[in-house]
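Engineer: Have a look at this one before I ask anything.
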Amino acid sequence: MLLGEILNVALGALRANKLRSFLTMLGIVIGVGAVIAMISIGNGAQKQVEERLQALGTTLLTIRGGQQRGAGGFAGADRARITFDDVNALVDSGKYIVAVQPSLTRNLAVQFGSKNANPSITGTTANYLEVRKAKMSLGQFFTTADDIGRRRVAVVGSEVLTDLELDSPDAIVGQFVRIGGIQFEVIGALEPRGQDAGASNRSIYIPLQTAKYRTHGQGQPINEIHILAASEDEVPLAWAEAQRILRRMHKLRPDRPDDFQITNQSEFLTAAAENRKTFTYLLAGIAGVSLVVGGIGIMNIMLVSVTERTREIGVRKALGATRSNIMLQFLIEAIVLCLAGGLLGILAGGGGAVAMARQMNTPTAISVNSILLAFLFSAGVGLLFGVWPARRAAALDPIQALRYE
Numbered sequence: 062m063l064l065g066e067i068l069n070v071a072l073g074a075l076r077a078n079k080l081r082s083f084l085t086m087l088g089i090v091i092g093v094g095a096v097i098a099m100i101s102i103g104n105g106a107q108k109q110v111e112e113r114l115q116a117l118g119t120t121l122l123t124i125r126g127g128q129q130r131g132a133g134g135f136a137g138a139d140r141a142r143i144t145f146d147d148v149n150a151l152v153d154s155g156k157y158i159v160a161v162q163p164s165l166t167r168n169l170a171v172q173f174g175s176k177n178a179n180p181s182i183t184g185t186t187a188n189y190l191e192v193r194k195a196k197m198s199l200g201q202f203f204t205t206a207d208d209i210g211r212r213r214v215a216v217v218g219s220e221v222l223t224d225l226e227l228d229s230p231d232a233i234v235g236q237f238v239r240i241g242g243i244q245f246e247v248i249g250a251l252e253p254r255g256q257d258a259g260a261s262n263r264s265i266y267i268p269l270q271t272a273k274y275r276t277h278g279q280g281q282p283i284n285e286i287h288i289l290a291a292s293e294d295e296v297p298l299a300w301a302e303a304q305r306i307l308r309r310m311h312k313l314r315p316d317r318p319d320d321f322q323i324t325n326q327s328e329f330l331t332a333a334a335e336n337r338k339t340f341t342y343l344l345a346g347i348a349g350v351s352l353v354v355g356g357i358g359i360m361n362i363m364l365v366s367v368t369e370r371t372r373e374i375g376v377r378k379a380l381g382a383t384r385s386n387i388m389l390q391f392l393i394e395a396i397v398l399c400l401a402g403g404l405l406g407i408l409a410g411g412g413g414a415v416a417m418a419r420q421m422n423t424p425t426a427i428s429v430n431s432i433l434l435a436f437l438f439s440a441g442v443g444l445l446f447g448v449w450p451a452r453r454a455a456a457l458d459p460i461q462a463l464r465y466e
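Numbering (my numbering), first residue to last: 62 to 466.
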């Protein structure tokens with residue numbers, strides 16, 4: 062038998078039982094589709110984490126007040142404070158710290174015309190854009206001179222516009238708002254930031270000295286300090302330096318724990334990325350089980366097909382078909398079923414990934430590698446689970462096969 066003839070015979074057998082062929086490869090369709098959908102969603106989540114890391118900056122460290130340990134353990138009343146003296150010490154003594162950006166935050170009533178809101182009002186320094194990787198949507202950020210002069214100027218976050226029922230920054234930039242009853246000129250608006258920016262989108266930023274002496278009060282401690290290291294390699298050095306400076310400022314003995322916390326935001330995102338990757342592999346593994354189940358279904362149907370076509374096999378052998386011809390015919394049938402199921406599964410998986418991304422509002426990234434992996438795996442399943450039925454068909458005795466009813 063020529064290869065073309067063997068192929069025609071195999072495809073003809075599949076066409077003769079269209080419904081059975083479709084139901085047989087349905088397990089492969091579901092398995093391949095599930096694998097591609099899960100991997101695509103996992104890749105999309107990984108890509109989102111990488112984008113957030115890039116947006117936040119991997120050299121950013123955050124310092125917050127911790128809790129002091131007393132005889133009875135940690136107590137809220139003993140919560141240590143970050144002060145302006147700490148900020149000045151970091152600025153003056155930090156060798157590996159290239160920028161220091163403190164934040165003094167408090168919720169205050171904001172009035173713009175007849176609209177009212179209650180966003181967080183953050184007093185900070187003029188280097189906010191540099192340290193926090195933020196960008197202006199309109200206008201400009203306040204300067205160091207504005208901070209020193211305690212000017213009443215403000216920059217609004219993107220969600221403040223929504224709270225004040227404004228369609229665009231043009232409606233408020235250049236206008237005046239009242240913050241805690243004090244009039245401020247809005248000189249700029251920030252571009253929206255990602256989910257990991259926390260409440261920064263729903264904040265109004267004013268100069269630090271203005272906040273200290275006009276709105277927040279001189280007794281309020283610094284909520285947090287963001288510091289920048291020169292490079293990723295110097296992050297541990299900047300961390301150790303900030304820890305040393307703050308321990309000295311807080312007069313902590315060597316046997317006492319830190320009464321402050323230093324964190325690197327990239328560590329949390331990296332840990333989240335690892336968790337998502339593990340979860341993706343778990344889901345892909347579960348989806349892969351359905352591929353194996355689909356392969357077992359194909360083997361079962363091919364064994365039934367061998368039994369049904371015993372007389373046909375006998376006739377072909379009597380007409381000169383060799384064992385290899387018969388085996389190749391049934392292998393082709395099994396592989397065609399898996400490849401057809403793989404193609405449908407790729408379409409189903411891609412569509413399912415896009416649909417799930419839209420429904421759950423999560424990103425997705427369909428990679429060529431996942432498509433090739435699923436497609437080749439489906440072909441391998443067809444080959445693996447088609448060998449036994451093919452060998453069984455090829456081993457039939459032609460005389461006994463012709464007598465089979």
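For glycine and all other residues, C-beta sits at the position ideal for the given N, C-alpha and C.
1. Quick check on this structure: which residue in Gly126, Gly411, Phe438 and Val429 has the alpha carbon closest to the alpha carbon of Gly94?
2. Just tell me which of Val376, Ala409, Ser385 and Val221 has its CA closest to the CA of Pro55.
3. Relative to the alpha-carbon of Ala358, which residue among Tyr274, Leu398, Gly73 and Ala160 has its alpha-carbon at the smallest distance?
4. How is the alpha helix (DSSP H) around Ala299 delimited, first residue to last?
5. Buried or exposed for Ile387, please, with buried defined as at least 16 other CB atoms from any protein chain shown within 10 angstroms of its CB.
6. So, helix, strand or coil for Gly184, using DSSP?
7. Can you look up Gly235 in the DSSP assignment and give me helix, strand or coil?
8. So, with DSSP's three-state summary, where would you put Ile100?
9. Does Arg254 pass the burial test, meaning 16 or more other C-beta atoms within 10 Å, or should it be called exposed?
10. Could you tell me the alpha carbon to alpha carbon distance between Arg239 and Phe202, rounded to whole angstroms?
11. Going by CA-CA distance only, name the one from Glu293, Ala395, Arg212 and Ala303 that's closest to Pro450.
12. Short of 6 Å in beta carbon distance, which residues of its chain neighbour Gly355, apart from the five on each side in sequence? Order them along the chain.
13. Out of Leu389, Glu252 and Val214, which has the shortest C-alpha to C-alpha gap to Gln270?
14. Could you tell me which uninterrupted alpha helix (DSSP H) segments, each at least 4 residues in length, are contained entirely in the segment 348-398, listed from first to last along the chain?
15. What does DSSP give as the partner residue(s) for Arg287 in the beta ladder?
16. Can you tell me whether DSSP reads Tyr342 as helix, strand or coil?
17. Suppose the cutoff is 8 Å on Cβ atoms and the five residues either side in sequence are ignored; what does the same chain contact list for Thr276 look like?
18. Would you tell me roughly how many angstroms separate the C-alpha atoms of Asp316 and Val152, rounded to the nearest one?
19. Where does Phe202 sit, in a helix, a strand or coil, going by DSSP?
20. Between which residues of its own chain and Met62 is the CB-CB distance below 7 Å, once the five residues before and five after are set aside?
21. Please work out which residues of its chain come closer than 8 Å, Cβ to Cβ, to Glu226, disregarding the five sequence neighbours upstream and downstream, and give them in chain order.
Structural biologist: Answer, in terms of the structure:
1. Gly411
2. The structure shown does not extend to residue 55, since the chain is modelled only from 62 to 466, so the question has no answer here.
3. Inspection of the sequence shows that residue 358 is occupied by Gly rather than by Ala. The shortest Cα separation from Gly358 among Tyr274, Leu398, Gly73 and Ala160 belongs to Leu398.
4. Val296 to Met310
5. buried
6. strand
7. coil
8. helix
9. buried
10. 18 Å
11. Ala395
12. Gly88, Ile89 and Gly92
13. Val214
14. 371-379
15. Strictly speaking, residue 287 in this sequence is His, with Arg absent from that position. For His287, which the question treats as bridged, DSSP gives the partners Thr123 and Gln162.
16. helix
17. Arg167, Leu169, Ile182, Gly184, Ile240, Gly241, Ile243 and Ile267
18. 26 Å
19. coil
20. Any answer about Met62 is weak, because its pLDDT of 48 lies below 50 and its placement is not dependable; what the coordinates show is given next. Closer than 7 Å at Cβ, skipping near neighbours: Ala382 and Asn386.
21. Lys176
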